[in-house]
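In the order they appear, the protein sequences are chains A and B.
Residue numbers for the first sequence, in the numbering used here: 101 to 240.
Residue numbers for the second sequence, in the numbering used here: 101 to 240.
Think of the CB as a built atom: it goes at the ideal place given N, C-alpha and C, for glycine as much as any other residue.
These numbers were taken from a predicted model, which means no experiment stands behind them.
Below is one structure, written out as structure tokens; comments come after it.
Protein chains: 2
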Amino acid sequence: MTMTDDQLISILRDSGYKVTPQRLAICNYVLSSKEHPTAEHIHSEIVKKHPAISLNTIYQTMDMLIDLGLVQEMRFSGSSSRFDSNTSVHVNIICQKCSKIQDFESEGIRELWSRILAEMNVEPVGQRLDVYVLCDECKR
Amino acid sequence: MTMTDDQLISILRDSGYKVTPQRLAICNYVLSSKEHPTAEHIHSEIVKKHPAISLNTIYQTMDMLIDLGLVQEMRFSGSSSRFDSNTSVHVNIICQKCSKIQDFESEGIRELWSRILAEMNVEPVGQRLDVYVLCDECKR
DNA sequence: TTACAAATCGTATTTGTTACTAACTAGTAA
DNA sequence: TTACTAGTTAGTAACAAATACGATTTGTAA
Chain A
101 MTMTDDQLIS
111 ILRDSGYKVT
121 PQRLAICNYV
131 LSSKEHPTAE
141 HIHSEIVKKH
151 PAISLNTIYQ
161 TMDMLIDLGL
171 VQEMRFSGSS
181 SRFDSNTSVH
191 VNIICQKCSK
201 IQDFESEGIR
211 ELWSRILAEM
221 NVEPVGQRLD
231 VYVLCDECKR
Chain B
101 MTMTDDQLIS
111 ILRDSGYKVT
121 PQRLAICNYV
131 LSSKEHPTAE
141 HIHSEIVKKH
151 PAISLNTIYQ
161 TMDMLIDLGL
171 VQEMRFSGSS
181 SRFDSNTSVH
191 VNIICQKCSK
201 IQDFESEGIR
211 ELWSRILAEM
221 NVEPVGQRLD
231 VYVLCDECKR
């Protein structure tokens, strides 16, 4: 979920989080990324502008974003966590071979999912919908 | 997916796996469990009958069951993997507080899910459908 | 500007999982 | 039955992702 710095700053301050250059950089990157990056990946990106940034700060900022409901953590076997900034109902299409993740989102999906929820009669606080596939490149 | 020992033995032998008492015990427990147990949990159960059983053997047997397509591994933040022996399309209703997992399965779900797949136009090799909730006990 | 709570960085520690190896055993074929 | 062999087990070491910790720095409110 991309947003302006002002919007982001308001959200952080309103929740009692301080605004630091590192946080802004991390949030801007993660919230606009479609790659579902790992902590290492985020770190390798942010270190370009903040050479002293610690991997720990990445993890802590992710905890903050999760707390704010702006990011969801996805754990997998055999690889490190991926962070997904798409908080609306969507399907993660995940390649079993190369681990690439692609979001799929549509009105139809939301509608069908809400019917599934209705049938289960639960009040969701979140969801994770994964489909495992072989992507086009890996299929060859 | 509960099955007789004979069925299980056939499946293992047909795939080139040897049948050992440890494997039978682990498989019988995991395949009939509805609890989505952790490796530690499985170990603490099997150790009652096989006092020398190693945690490593649990993990290796889970790898075998995953290879056979009889079990799915689910990783989560802040806790160890859970092993799900329900391989049909279903929704995992997961309590965010106590981590209890309950399966929900119905013809309606399968139908709606197949429509979602059709809309995405993918050939799935598996899926994981999680809904995060607060269970009745934790809601109080 | 000051004071203080919070954030950062660097590193140590923890923890779930995997890798390794010697001893053992299931399955097979004589 | 016996002997062989490849696969399995138990025990432990190694690994890596994530977390905890503490000294220093920084944001923010008074």
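Does residue i get closer than 7 Å to chain A when you measure Cβ to Cβ?
{"i": "LEU212 of chain B", "result": "yes"}
{"i": "PHE183 of chain B", "result": "no"}
{"i": "ARG175 of chain B", "result": "yes"}
Going by DSSP in three states, residue i sits in which element: helix, strand or coil?
{"i": "CYS195 of chain B", "result": "strand"}
{"i": "SER110 of chain A", "result": "helix"}
{"i": "TYR117 of chain A", "result": "coil"}
{"i": "GLU223 of chain B", "result": "coil"}
{"i": "SER177 of chain B", "result": "coil"}
{"i": "ARG240 of chain B", "result": "coil"}
{"i": "LEU229 of chain A", "result": "strand"}
Mind checking whether residue i and residue j have CB atoms under 7 Å apart?
{"i": "ARG182 of chain B", "j": "HIS136 of chain B", "result": "yes"}
{"i": "VAL231 of chain B", "j": "VAL231 of chain A", "result": "no"}
{"i": "VAL130 of chain B", "j": "ILE193 of chain B", "result": "no"}
{"i": "GLN202 of chain B", "j": "ASP184 of chain B", "result": "no"}
{"i": "HIS150 of chain A", "j": "GLN107 of chain A", "result": "no"}
- Task: Closer than 7 Å, Cβ to Cβ, to anything on chain B: give me those residues from the region 188-202 of chain A, in chain order.
- Result: VAL191, ILE193, GLN196
- Task: Identify each residue in the region 205-232 of chain B for which the Cβ-Cβ distance to at least one residue of chain A is less than 9 Å, and report them in chain order.
- Result: Taking 9 Å as the upper bound on Cβ-Cβ separation, chain A lies near residues SER206, GLY208, ILE209, LEU212, TRP213, ARG215, ILE216, LEU217, GLU219, MET220, VAL222, GLU223, PRO224, VAL225, GLY226, GLN227, ARG228, LEU229, ASP230, VAL231, TYR232 of the region 205-232 of chain B.
- Item | alpha helix (DSSP H) runs contained entirely in the region 125-195 of chain B, provided each spans 4 or more residues | The qualifying runs are 139-146, 155-167.
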